[in-house]
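Residue numbers (our numbering): 14 to 168. All remarks here apply to the structure that follows.
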Amino acid sequence: MKRGQSALEFLMTYGWAILIILVMIAALVYFGVFNPSRLTPERCTAVPGFGCNDYQMNSDGSANFLIANAKGDSITLTSTTAFSMNSTSGGCLNTAVASTTWASDEVKTVAFPAACPAITAAVGDKQKVTVYFTYTPKGGSFAKKGSVDVNALVS
């Protein structure tokens, strides 16, 4: 009888301790202490042939991206669209760049106006946005696609 009682006391003591630790971890996760987006660095990467020089995302949904043409030849930019992995509202189309010629090594500002639901987030939050663009190479007949991935703090 003594062995059974000591085994039950052992399990109860450690069971309560494990339960308290789990409740504490759940509270920390709930309050955002273990938010992995806070730990990821800011970055801006583009597909080969393009470069991401700078970026800015604002809490009102506006964003600016400086994208460089490193293809070695001029291209004609036909459309740009921004999508966010944090948004279910779809993307934002930037119609201002339609049929814009982009010289080799030229840097273009791709701007999205305010109230873009794909970009809207609170100040200080990390936002991951992918900018997709369609272009036609010089002397080419068919459209090609490119993209820039940005993970940045919203200001």
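Every residue, glycine too, gets a C-beta built ideally from N, C-alpha and C.
Would you report the Cα separation of residue i and residue j, rounded to the nearest angstrom?
i: Ile-125; j: Leu-90; result: Position check: residue 125 holds Phe in this sequence, whereas Ile was assumed. So the two alpha carbons sit approximately 15 Å from each other.
i: Asn-71; j: Trp-115; result: 26 Å
i: Gly-62; j: Tyr-145; result: 14 Å
i: Pro-150; j: Gly-159; result: 12 Å
i: Asp-73; j: Gly-45; result: 23 Å
i: Thr-122; j: Tyr-27; result: 60 Å
i: Ser-169; j: Gly-153; result: Beyond the ends of the chain as shown, which are 14 and 168, falls residue 169; an answer cannot be given.
i: Lys-84; j: Ala-134; result: 33 Å
i: Gly-17; j: Leu-166; result: 57 Å
i: Met-188; j: Val-36; result: Since the first residue shown for the chain is 14 and the last is 168, residue 188 is missing from the structure and cannot be characterised.
i: Thr-113; j: Ala-40; result: 52 Å
i: Phe-155; j: Gly-64; result: 22 Å
i: Lys-141; j: Phe-47; result: 18 Å
Return the first residue and the last residue of the beta strand (DSSP E) that residue i is part of.
i: Thr-26; result: Note, Thr-26: premise wrong, no beta strand (DSSP E); alpha helix (DSSP H) at 15 to 43.
i: Ala-59; result: 56 to 59
i: Lys-141; result: 139 to 150
i: Val-161; result: 157 to 166
i: Val-120; result: 120 to 125
i: Thr-53; result: Taken as a continuous stretch (DSSP letters only), Thr-53 belongs to no beta strand (DSSP E), as it is neither H nor E.
Mark residue i as exposed unless 16 or more other C-beta atoms lie within 10 angstroms of its C-beta, in which case mark it buried.
i: Lys-139; result: buried
i: Ile-34; result: exposed
i: Ile-38; result: exposed
i: Asn-164; result: buried
i: Val-42; result: exposed
i: Ala-20; result: exposed
i: Ile-88; result: buried
i: Ala-172; result: In the structure as shown, the chain begins at 14 and stops at 168. Residue 172 is therefore absent and cannot be evaluated.
i: Ala-95; result: buried
If residue i and residue j are in contact, beta carbons under 8 Å, what's the gap, nearest whole angstrom?
i: Asn-66; j: Leu-52; result: That pair is no contact at about 25 Å.
i: Asp-162; j: Thr-143; result: 5 Å
i: Asn-82; j: Glu-119; result: 5 Å
i: Gln-69; j: Ala-76; result: 7 Å
i: Ser-168; j: Val-136; result: 6 Å
Beta strand (DSSP E) runs wholly inside the segment 64 to 102, at least 3 long, in chain order: Taking only runs of at least 3 residues, the beta strand (DSSP E) segments lying wholly in the segment 64 to 102 are 76 to 82, 88 to 97.
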